[in-house]
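Counted the way numbering that gives the first Met the number 0 counts, the sequence shown spans residues 0 to 495.
Built from N, CA and C at the ideal position, the CB exists for glycine as well.
Values in this document were obtained by computation on a predicted structure and should not be read as measured data.
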Amino acid sequence: MRLLVYDDDAAIGRMIVRVATSSGLDAAAVTEAAAFANIIRTNPPQIIALDLQLGETDGIEQLRVLANQHYSGALILMSGFDVRVLATARELAAGLGLNVECVLEKPIELGALEQTFERLLSAGQSPSPERVRDAIANDEMSLDFQPIVTRKPKKLVKLEALIRWDHPAIGRIPPGIFLPVAERDPATIDALTGWVVNAAVEAYQVLAELGVREPLSINMSALNLHDLEWPDRIQKHLQKGGMPASHLCLEITESSAFEDPTRTMEVLSRLRLKGMQLAIDDFGTGYSSLKVLRQMPFSELKIDQSFVKDVTTSRDSRAIVKSIVGLAANMEMSCIAEGVETEAIADLLEELGVRMLQGYLIAQPMPVESVPAWLAIWTQTATVKPSQQATATTEPPPSREPDQSAPPKSGASRPSPVPPKSDTTQLSPRQIEVLQLAAEGCSVKHIARRLNLAIGTVKIHLALAYSTLGVHNRIDAIRRAGPAVLSRMTDPDATG
Ligand code: C2E
Ligand code: CA
Ligand code: CA
């Protein structure tokens, strides 16, 4: 893949070329408009990094040059100016039909630059819609769940389902790479959303079995909203799986798909009338947010991560969050902040009136079987101090574990609300078997096949084992139970 850097500062150009080359890109830099225009005309690269201050000309003018050439590659915008200039340039570029990959503030952080190049490189090998459909059919997709909570009082409000693709050869492919591919083809994005609805209902059943009955949110592509069949289709899935419609929220990012407001409104209204919740995702980044908000029957508003991230450092972001909170309250909509990464951000958001929080500070997205044990640990953990974050997201310090409460057995019984004492002698033989296969690196799907169990049943066994062990992920469970599990496997008396 080729990269062209256009910066009038030759030293910066050289620095970017060096980073790009070591990331595996074929990179070159120019410092003058004529040379830039010549390359764009004769041999356009897949990626362009463009500075906005260029001495003889400016980046905005160069955006027009690119648009006139119908440049379709990825664009990285850079500027040492106010971030607002970058934001404006980004909008302008999007308006001109250019594809802005990211904006980088100067001085440029090497790490951010490398990450951008890596992302673009893997996107360069992006799959076809057909391959995405195959992945759905081959069970390569799964859902992770990220909690949305209030801290005062400490309560799980709902869980957002986020799709994951574990490609057998490449490994995990981020949704940011394959969703745009799926969205290129109506049949593929429909198949994907259909799969997500079905998987969410199954996860709801697993959680209900484990005593967690909170609503779930799923992400729906705005492109799905052209299909008038969706409301009935989703309702059928819910009814079949025994999930109340009010327990499903559909998160939709405002996009150009909203340009067909009559059809979109019909689909959204029918979803709402069937009892589902509707959230507008990434609020504040769309182009006609206020109009959309007035016209469409949304019940919830999710403040975009970009405002949340710098709410403590930027007066503008603080003002925006404050107005969004006011807007939501006046329109009787609930309001969620996502991308909450620090205690300071959470505190300030709460001060500004945002009660529902989502982000790495609370929890990373996790497989469904981790949720009950995570919930138990989180509920009984005192407010996490920044210095403790690393420990709190992996496993609780032993001192926090209460001694009481009988550990759950496999099957119908539910995990107690607090993590029981970690005690491998309390694991059922089935849970030990499941954990042992997990330790061998088997996926849930493989464990199910090996033990001739339903996938949901395996997830329930894993969830119960995690709760018994007082951990909420596979690695910690294996680490904590490992030797005991193995010795118990070889000592039949011990399993009872
Ligand atoms: P989103 O709906 O805005 O989801 C939030 C994204 O932010 C997720 O990325 C999540 O993992 C990430 N995130 C959560 N907390 C934090 C935090 O504290 N810091 C940071 N830096 N990131 C955080 P993910 O899972 O990669 O998903 C990216 C996007 O892909 C989603 O953004 C959503 O638009 C889309 N997506 C995910 N799953 C689905 C799906 O099932 N269907 C559709 N149509 N879109 C989906
Ligand atoms: Ca979302
Ligand atoms: Ca979002």
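Is any non-hydrogen atom of ligand 4 found closer than 6 Å to the C-beta of N218, if you look at the structure I gave you?
No copy of ligand 4 occurs in the structure displayed; its ligands are ligand 1, ligand 2 and ligand 3 alone.
May I ask whether a heavy atom of ligand 2 can be found less than 6 Å away from the beta carbon of D280?
Indexing the sequence shown from 1 puts residue 280 at position 281. D280 Cβ: within cutoff of ligand 2.
For A48, the three-state DSSP class (helix, strand or coil)
Taking the sequence shown and counting its residues from 1, the one referred to as residue 48 is at position 49. Of the three classes helix, strand and coil, the one that applies to A48 here is strand, per DSSP.
Three-state secondary structure assigned by DSSP to P418:
For the purposes of this step, residue 418 is identified with residue 419 of the sequence shown, where counting begins at 1. Below a pLDDT of 50, predicted positions are generally treated as unreliable, and P418, at 45, falls in that range; the measurement from the model is reported next regardless. Correct three-state label for P418: coil.
I'd like the span of the alpha helix (DSSP H) that includes V320, first residue to last.
Position 321 of the sequence shown, counted from the first residue, corresponds to residue 320. Unbroken alpha helix (DSSP H) run through V320: 314-329.
Q363 - DSSP class collapsed to helix/strand/coil
As a first step, residue 363 is located in the sequence shown; it is residue number 364 there, counting from the start. In this structure, Q363 counts as coil in the three-state DSSP scheme.
Looking at the unbroken alpha helix (DSSP H) that takes in I107, where does it start and where does it end?
Along the sequence shown, one-based indexing puts residue 107 at 108. Looking at the DSSP string, I107 is not in any alpha helix (DSSP H), and its letter there is neither H nor E.
C-alpha distance - H69 paired with G96, whole-angstrom precision:
Locating residue 69 in the sequence shown gives position 70, where the first residue counts as 1. Locating residue 96 in the sequence shown gives position 97, where the first residue counts as 1. H69 and G96 have their C-alpha atoms roughly 8 Å apart.
Any chance the CB of P501 is under 6 Å from a heavy atom of ligand 1?
Outside the displayed span of the chain (0 to 495) sits residue 501, for which this structure offers no information.
Cβ of E250 versus every heavy atom of ligand 2: is any distance shorter than 6 Å?
As a first step, residue 250 must be located in the sequence shown, where it is residue number 251. The answer is yes for E250.
Taking 7 Å as the cut-off, decide whether the C-beta atoms of D301 and A278 are in contact.
Taking the sequence shown and counting its residues from 1, one reaches residue 301 at position 302. Taking the sequence shown and counting its residues from 1, one reaches residue 278 at position 279. Note that residue 301 is Lys in the sequence shown, not Asp. Cβ distance < 7 Å, so K301 and A278 count as in contact.
Anyone know if the C-beta pair for E340 and L360 falls short of 7 Å?
Your numbering for residue 340 matches position 341 in the sequence shown. Your numbering for residue 360 matches position 361 in the sequence shown. Yes; because the gap between Cβ atoms is below 7 Å, this pair is in contact.
Proximity test, G358 beta-carbon vs ligand 1 heavy atom, cut-off 6 Å:
Position 359 of the sequence shown, counted from the start, is the residue given in the question as residue 358. Yes, the beta carbon of G358 sits closer than 6 Å to at least one heavy atom of ligand 1.
In this structure, what does DSSP give as the bridge partners for Y5?
Walking along the sequence shown from the start, residue 5 turns up at place 6. V29, L49, per the DSSP bridge assignment.
Just to confirm, are L85 and V102 a CB contact at a threshold of 7 Å?
Here residue 85 corresponds to residue number 86 of the sequence shown, with the count starting at 1. Here residue 102 corresponds to residue number 103 of the sequence shown, with the count starting at 1. Yes, these two residues count as a Cβ contact at 7 Å.
Residue range of the unbroken alpha helix (DSSP H) whose run includes K235
Working through the sequence shown from its first residue, we reach residue 235 at position 236. Element bounds for K235: 229-240.
Distance, T380 Cα to D346 Cα
Within the sequence shown, the letter at position 347 stands for residue 346. Within the sequence shown, the letter at position 381 stands for residue 380. The C-alpha of T380 is placed about 17 Å away from the C-alpha of D346.
Boundaries (first-last residue) of the alpha helix (DSSP H) holding A447
Counting from one through the sequence shown, the residue named residue 447 turns up at place 448. It spans 443-450 - the alpha helix (DSSP H) in which A447 sits, taken as one unbroken run.
Which residue comes first and which comes last in the alpha helix (DSSP H) that contains Q357?
By one-based count along the sequence shown, residue 357 stands at place 358. Membership of Q357 in any alpha helix (DSSP H) is not indicated; the residue belongs instead to the beta strand (DSSP E) covering 355-357.
If you measure from the CB of E55, is any heavy atom of ligand 1 nearer than 6 Å?
The residue you call residue 55 lines up with position 56 of the sequence shown. No, ligand 1 has no heavy atom inside 6 Å of this Cβ.
Sort G94, P364, P296, G338 by Cα distance to R63 and report the nearest one.
Counted from its first residue, the sequence shown places residue 63 at position 64. With distances taken between Cα atoms, R63 lies closest to G94.
Between G23 and L120, which are expected to be in contact by the criterion C-beta below 8 Å, what is the C-beta distance as a whole number of angstroms?
Taking the first residue of the sequence shown as position 1, residue 23 is located at position 24. Taking the first residue of the sequence shown as position 1, residue 120 is located at position 121. Rounded, the Cβ-Cβ distance is 6 Å, consistent with contact.
By DSSP, does E432 sit in helix, in strand, or in coil?
Here the question's residue 432 lines up with position 433 in the sequence shown. Here E432 sits in helix by DSSP.
What are the boundary residues of the beta strand (DSSP E) that includes S268?
The count along the sequence shown starts at 1 and reaches residue 268 at position 269. Note, S268: premise wrong, no beta strand (DSSP E); alpha helix (DSSP H) at 260-272.
Which ranges does the beta strand (DSSP E) cover as unbroken runs of at least 3 residues, wholly within the segment 69-123, from first to last along the chain?
Entirely contained in the segment 69-123, the beta strand (DSSP E) runs reaching 3 residues are, in chain order, 73-78, 98-104.
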